[in-house]
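Engineer:
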Amino acid sequence: MALIVQKYGGTSVADLERIRNVAKRIVGAYDQGNDVVVILSAMAGITDSLIDMAQQVTHYPEKRELDVLLATGEQTTAALLAMTLNAMGYRAQSLLGFQAEVVTDCTFGNARIMDIGATRIKELVSSRTIVVIAGFQGCDVNGNITTLGRGGSDTSAVAIAAAIKADICEIYTDVNGVYTTDPNICSAARKIDRISYEEMLEMASLGAKVLQIRSVEFAKKYNVVVHVRSSFTEEEGTMVVNEDKSMERLVVSSVTVNKKEARITLIKVPDQPGIAARIFSPIAEAGINVDMIIQNRHSGKFNDLTFTVPTPDFEKAMELAREIAADIHAEDVLGDTNIAKVSVIGVGMKNHSGVATRMFSALAAKSINILMISTSEIRISCVIAEEYAELAVRTLHAAFGLDKS
Ligand code: ASP
Ligand code: MG
598 MALIVQKYGG TSVADLERIR NVAKRIVGAY DQGNDVVVIL SAMAGITDSL IDMAQQVTHY
658 PEKRELDVLL ATGEQTTAAL LAMTLNAMGY RAQSLLGFQA EVVTDCTFGN ARIMDIGATR
718 IKELVSSRTI VVIAGFQGCD VNGNITTLGR GGSDTSAVAI AAAIKADICE IYTDVNGVYT
778 TDPNICSAAR KIDRISYEEM LEMASLGAKV LQIRSVEFAK KYNVVVHVRS SFTEEEGTMV
838 VNEDKSMERL VVSSVTVNKK EARITLIKVP DQPGIAARIF SPIAEAGINV DMIIQNRHSG
898 KFNDLTFTVP TPDFEKAMEL AREIAADIHA EDVLGDTNIA KVSVIGVGMK NHSGVATRMF
958 SALAAKSINI LMISTSEIRI SCVIAEEYAE LAVRTLHAAF GLDKS
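Residue numbers (this note's numbering): 598 to 1002.
(1) Go ahead and pull the three-state DSSP assignment for LYS762.
(2) Below 8 Å between beta carbons: does that hold for ALA708 and THR655?
(3) Give a single yes or no on whether GLY732 has its beta carbon closer than 7 Å to a heavy atom of the ligand ASP.
(4) Is SER638 near the ligand ASP - that is, is its Cβ less than 7 Å away from at least one heavy atom of it?
(5) Measuring only the C-alpha atoms, how far is ASP612 from GLU984?
(6) Go to GLU831, then tell me how far its beta strand (DSSP E) extends in each direction, as first and last residue.
(7) According to DSSP, simplified to helix, strand and coil, what is PHE957?
(8) Given the structure, does SER750 come close to the ligand ASP, in the sense that its CB is under 7 Å from one of the ligand's heavy atoms?
(9) Looking at the structure shown, is LEU637 part of a helix, part of a strand, or coil, going by DSSP?
(10) Measure the CB-CB distance between ILE977 and GLU796 and report whether it falls below 8 Å.
(11) Between which two residues does the beta strand (DSSP E) carrying ARG860 extend?
(12) Between ARG747 and the ligand ASP, is there a pair consisting of the residue's CB and a ligand heavy atom that are separated by less than 7 Å?
(13) PRO907 by DSSP, collapsed to three states: which one?
(14) Going by the beta-carbon positions, is the gap between LEU682 and ILE623 smaller than 8 Å?
(15) So if DSSP puts THR726 in a beta bridge, which residue, or which two residues, is it bridged to?
(16) Is it right to say LEU863 is buried, meaning 16 or more other beta carbons lie within 10 angstroms of its own, or is it exposed?
(17) Thinking just about the alpha-carbon of each residue, which of PHE733, THR905, ILE880, MET650 is nearest to the one in PHE705?
(18) For GLU671, count neighbouring Cβ atoms within 10 angstroms of its own Cβ and tell me buried if that reaches 16, exposed if not.
(19) At which residues does the alpha helix (DSSP H) containing SER878 begin and terminate?
(20) Can you check which of these residues, ILE792, ALA859, THR903, is closest to ILE876 by C-alpha distance?
(21) Determine the closest residue to LYS842 out of LEU798, ILE792, ALA679, ALA982, with distance taken between C-alpha atoms.
(22) Between the Cα of VAL906 and the Cα atoms of PHE899, GLU916, ASN900, which residue gives the shortest distance?
(23) Pull up the distance between the alpha-carbon of PHE621 and that of ALA697, whole angstroms please.
(24) Does DSSP classify SER978 as helix, strand or coil?
(25) Below 8 Å between beta carbons: does that hold for LYS913 and ILE890?
(26) State the start and end residues of the unbroken beta strand (DSSP E) segment that holds ASP929.
(27) When the Cα of GLU831 is compared with those of ALA927, SER878, ASN773, which residue comes out closest?
(28) Is the segment 759–771 touching the segment 598–606 in the sense that three or more CB pairs, one from each, lie closer than 8 Å?
(29) Is it a yes or a no for the segment 709–717 touching the segment 635–651, going by three-plus beta-carbon pairs under 8 Å?
(30) Are TYR627 and TYR687 close, meaning C-beta to C-beta below 8 Å?
(31) In terms of alpha-carbon separation, which member of LYS963, SER878, LEU993 lies closest to GLU920?
(32) Quick check: is any heavy atom of the ligand ASP less than 7 Å from the C-beta of GLU767?
(33) Have a look at the DSSP bridge pairing and note the partners of ILE601.
(34) Taking C-alpha atoms, which residue in ALA816, ARG725, GLY740 lies nearest to LEU693?
(35) Comparing the CB of THR954 with every heavy atom of the ligand ASP, is any distance shorter than 7 Å?
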C-alpha cells in the first residue's frame, strides 16, 4: 500500500467523459488499498481562453484579478472530479489551493511556493478520502489567490507530494513519457525509461514542455520520484529519478532543438574594461534573458560580440543594442532570427571525453555550419542556421546511438 499523488493535465480532463476516465484510474489505485491525492489542471484551452477574455476587458488586467480569474479553471475541474467520484460511490473531497495550505510569495502570475501546511490533506487521507486538489494555485500570506505560472500544476503536484511524503508522484499527460527527441521531427525517437533530475532540468530549460522546470527543481531537492505517463494507456512512462549507474552507460540521453532564439552581433566594439557590463546591463534591466555570448577579436583594439535572446524579445533587444552601440561607438549591429539551437544532453558526459568532437563531426559530415557553441557539465549546445534544425536533430540522434532499432 502506498501514498500516491496523481496529477492530470488539461487534455486528460478536457471534458466530462475524460474526467470519468480519470476517475476510473483513480479508483483503480484506491481499490488496491492505496491512498490517492489528485492534483488537477484546468480543462485544455480554458486558461488560454480566460486570459483572452481578460484581454478583451483591458490590455493590462490587474495581476491580482487575473489570478482570481485563472484559478477558476482548476476550481472547475476539481469540483467536477470530486462529484464524479462521489457519484461512483467513493468518498472524495475537493480542496482549493488555500484550503490545501499552499502558501506562496506575492508574485501574482508567477508565484513561488514557500510552504505547504498539508494538515487538511493528511486528515482527509487518514480517513480514506480521495483528495482532489486544484493545481496551479496558492495563496499568499495576505490571503490573496496566486497562480504559479503556466504549466504550474506540475509544480503543485510535486510540491504536495514532497509535503505529504508521497511514495510517488505520477504526472498524467497526453504523451507516453519523455522522449529522446521530438518524435514529430525524428521518427526514430524512443521513450526514455529512466532519466535523472539533472537531465530533465536541462531538457525543461531547453524548452521541453512535458514538465514545468520548477517541478523538476522541487523533485530534485526533495527526492520525489516522478513518473511521467499517459492517462490514455496503461503503458509505463518515464521515471524521473536520482542519477544511477544504469544511466552512465549512455553518454547522451536526449537531443533537443529550440528555434525560438535570435542572435545579435555588435561589430567593432572597443576592447576596454567595463564594455561588456555596459552592453548587458540595459538588456538585463529590460528583463531579457541572454543565453549564449561569444566575443572574438575583430582587428586592432576591437572585438565583435555576439549573443542570443528569445525571439519574442528580439525587437526590443535590437533597439537596446543600437542605442548601446551608438553610446560606445561600435560600428554596426546585426540581427538574425533564422537560427536554431540544437543540444545534446546526458549525465554520462561527466565521465566521457570526446562528446563535443563527436557532435561537431556529425554536424560537419552533413555540412552544417556551427555559429556558436556553449556547454554545461551535462549539455553541449550549438547554434546553427534554422533551415538545418531538423536535419541536425536526426543526425545527432543517430550519431549518439539513440535511434530505435
Ligand atoms: N492551467 C494552467 C496552464 O494552462 C496550469 C497547468 O495546466 O499546469 O498553464
Ligand atoms: Mg503541462
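Think of the CB as a built atom: it goes at the ideal place given N, C-alpha and C, for glycine as much as any other residue.
Structural biologist: If we stick to the structure as given:
(1) DSSP places LYS762 in coil when its eight states are reduced to three.
(2) Contact flag unset, no.
(3) yes
(4) yes
(5) 39 Å
(6) Looking at the DSSP string, GLU831 is not in any beta strand (DSSP E), and its letter there is neither H nor E.
(7) helix
(8) yes
(9) strand
(10) no
(11) 858–867
(12) yes
(13) strand
(14) In contact: LEU682 and ILE623 (Cβ atoms closer than 8 Å).
(15) In the DSSP output, where bridge partners are listed per residue, THR726 has none listed.
(16) With a 10 Å radius around the Cβ and a threshold of 16 neighbouring Cβ atoms, LEU863 comes out buried.
(17) PHE733
(18) buried
(19) Where SER878 is concerned, the enclosing alpha helix (DSSP H) stretches over 872–882.
(20) Looking at ILE792, ALA859, THR903, the one whose alpha-carbon comes closest to that of ILE876 is THR903.
(21) ILE792
(22) GLU916
(23) The question names Phe, but residue 621 is Lys in the sequence shown. When rounded, the separation of the alpha-carbon atoms in LYS621 and ALA697 is 23 Å.
(24) strand
(25) no
(26) 929–933
(27) Of the candidates ALA927, SER878, ASN773, the one whose C-alpha sits nearest the C-alpha of GLU831 is ASN773.
(28) yes
(29) no
(30) yes
(31) Cα-wise, what sits closest to GLU920 is SER878.
(32) Outside the cutoff, so no.
(33) VAL633, ILE765
(34) GLY740
(35) no
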